[in-house]
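Accompanying notes for the structure given below.
In our numbering, the protein residues as written are 1385 to 1517.
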C-alpha cells in the first residue's frame, strides 16, 4: 500500500512463469473478491496490524528510512507524527473499519500492469485481454 495526501495505491505483486499467468490472475482475483465480499477475520486483522507495527519499528533502524518517514508524515499530514502516535493509530483500527474499507476499495474493476515478452493486446494471456477491454 502506498499512501499519499489525497489518495493511495493498493498493489498486488506476483511473479510467475508465463504459462501460469492465467492461474495467478484467477487466484488473485478470487482472493480480492472474497475479501471484498466476506472481509477478513479477526486473526488476519491482528496479524496485519502486528506486521505493520513490526515493519514500522524495523524501518527506523537506518537514517534513510527515518528521513523518508519524516518527509511522508509532513507531506501527508502537514505535521510530524511520532512513532508512539502512529502505533496508537494502528492499534485503534477495528476489524469493522478494515472490512468497510476493503468493501469500498476492492469493489469494482482492477487494473493490471504486466512485464513480459508480449507484443500487442493479442499476445496477452486471456485474463489480461479481458482487463484491457
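Glycine included, each C-beta is placed from N, C-alpha and C at the ideal position.
Delimiting residues of the alpha helix (DSSP H) encompassing residue 1434 = 1426–1442
Enumerated in chain order, which unbroken segments of the beta strand (DSSP E) with a length of 3 residues or greater are wholly contained in the segment 1391–1430?
-> 1391–1393
By a C-beta neighbour count over all protein chains shown, 10 Å radius and 16 as the cutoff for buried, is residue 1418 buried or exposed?
-> exposed
Determine the DSSP secondary structure at residue 1494, reduced to helix, strand or coil.
-> coil
Take residue 1426 and list the residues in its own chain whose beta-carbon comes closer than 7 Å to its own, dropping the five residues that flank it on each side.
-> 1479
Distance, Cα to Cα, residue 1412 vs residue 1405?
-> 10 Å
Can you grab the Cα-Cα spacing for the pair residue 1448 / residue 1454, in whole Å?
-> 10 Å
Reduced DSSP category for residue 1482 - H, G, I as helix; E, B as strand; rest coil = helix
Examine chain C for any beta-carbon lying closer than 9 Å to the beta-carbon of residue 1464, and answer yes or no.
-> Included in the structure is just one protein chain, with no chain C present.
Is residue 1440 closer than 9 Å to residue 1474 when the C-beta atoms are compared?
-> yes
If you follow the alpha helix (DSSP H) that residue 1461 is part of, which residue opens it and which one closes it?
-> 1447–1461
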